[in-house]
């Protein structure tokens, strides 16, 4: 495979950890911090997703003769 | 080749279970996992597909078919796949209307691509009609 299964596990791990931190911060009464953590986690995940989607689009372009 | 389908299915099942786990807390990240899994499976099947498409192009070149037709056909397949991919992701996120619009745009693009072929076809038919055109 061009990519490892690890990327999927990484994203899922980020999701679970962010959810955990969110819950803990919420219990401590720091709602605004919890929201920032969620946002940053989302941005990191989005960056990884965007990298892979870019790869996919480049591949489709090259295979289906879009370059032209 | 035969063993690779096991990899793809296993990969898909792993992604499905991870999505189920993450979906409880963070639905957005679950959607991201679905997106990445779809992209990876497609990238995985791309290498064999590429050689098959090259074979089709070579064969059609030997058969004397105009390269433009094969190229248009491939572009249409690419557009169909891409719009389907985007529409499915939007549908997974319960955005039915956006999915419908993506599909509409894909159909429009395919019609645009097919117009030159229609033109050639109609010109050929008109040339066949005696006294016509």
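Chains as they are written, first to last, in our numbering: chain Z, 2 to 69; chain G, -1 to 131.
For every residue, glycine included, the Cβ atom is placed at its ideal position computed from N, Cα and C.
Original post:
Should residue 62 of chain G be labelled buried (16 or more other beta-carbon atoms within 10 Å of its own) or exposed?
Top reply: Exposed is the label assigned to residue 62 of chain G, since fewer than 16 other Cβ atoms lie within 10 Å of its Cβ.
**OP:** Answer yes or no: does any C-beta atom of chain G fall closer than 8 Å to that of residue 19 of chain Z?
**Re:** So yes, residue 19 of chain Z belongs to the interface.
Original post:
For the alpha helix (DSSP H) that contains residue 44 of chain Z, what are its first and last residues?
Top reply: 32 to 64
Original post:
Can residue 12 of chain Z and residue 34 of chain G be called in contact, C-beta distance under 8 Å?
Top reply: yes
**OP:** Give me the Cα-Cα distance between residue 2 of chain Z and residue 47 of chain G, rounded to the nearest whole angstrom.
**Re:** Reliability of the predicted coordinates at residue 2 of chain Z is poor, the pLDDT of 48 falling under 50, and the value obtained from them is presented with this limitation in mind. So the two alpha carbons sit approximately 14 Å from each other.
Original post:
Going by C-alpha distance, which of G/119, G/80 and G/90 is nearest residue 107 of chain G?
Top reply: G/80
**OP:** Jot down the residue ranges of each uninterrupted beta strand (DSSP E) in the region 70 to 104 of chain G, minimum 3 residues, whole runs only, in chain order.
**Re:** none
Subject >> For residue 27 of chain Z, three-class secondary structure by DSSP >> reply: helix
Original post:
Who are the neighbours of residue 7 of chain G on chain Z, taking C-beta pairs under 7 Å?
Top reply: Result: empty, since nearest Cβ-Cβ is about 13 Å, beyond 7 Å.
Subject >> residue 76 of chain G at chain Z interface by Cβ criterion, 8 Å >> reply: yes
Original post:
Once you ignore the five residues that flank residue 55 of chain G on each side, which residues in its own chain have a CB closer than 7 Å to its CB?
Top reply: 68
Original post:
Does any CB atom of chain Z fall closer than 8 Å to the CB of residue 110 of chain G?
Top reply: no
**OP:** For residue 64 of chain G, verify whether its CB is less than 7 Å away from any heavy atom of the ligand NAP.
**Re:** Ligands in the displayed structure: none, and consequently the ligand NAP is not present.
**OP:** Put residue 60 of chain G into one of helix, strand or coil per three-state DSSP.
**Re:** Residue state, collapsed to three classes: helix.
Subject >> Reduced DSSP category for residue 22 of chain G - H, G, I as helix; E, B as strand; rest coil >> reply: Note: residue 22 of chain G maps to coil in three-state DSSP.
**OP:** Work out the CA separation of residue 7 of chain G and residue 1 of chain G for me, nearest whole Å.
**Re:** Spanning the two alpha carbons is a distance of roughly 10 Å.
Original post:
Is DSSP giving residue 6 of chain Z helix, strand or coil here?
Top reply: Coil at residue 6 of chain Z, not helix or strand.
**OP:** Would you please verify whether the beta carbon of residue 30 of chain Z is less than 8 Å from any beta carbon of chain G?
**Re:** no
**OP:** For residue 38 of chain Z, decide whether its Cβ has a neighbour in chain G, counting only Cβ atoms nearer than 8 Å.
**Re:** no
Subject >> Exposure label - residue 122 of chain G; buried when at least 16 CB within 10 Å >> reply: exposed
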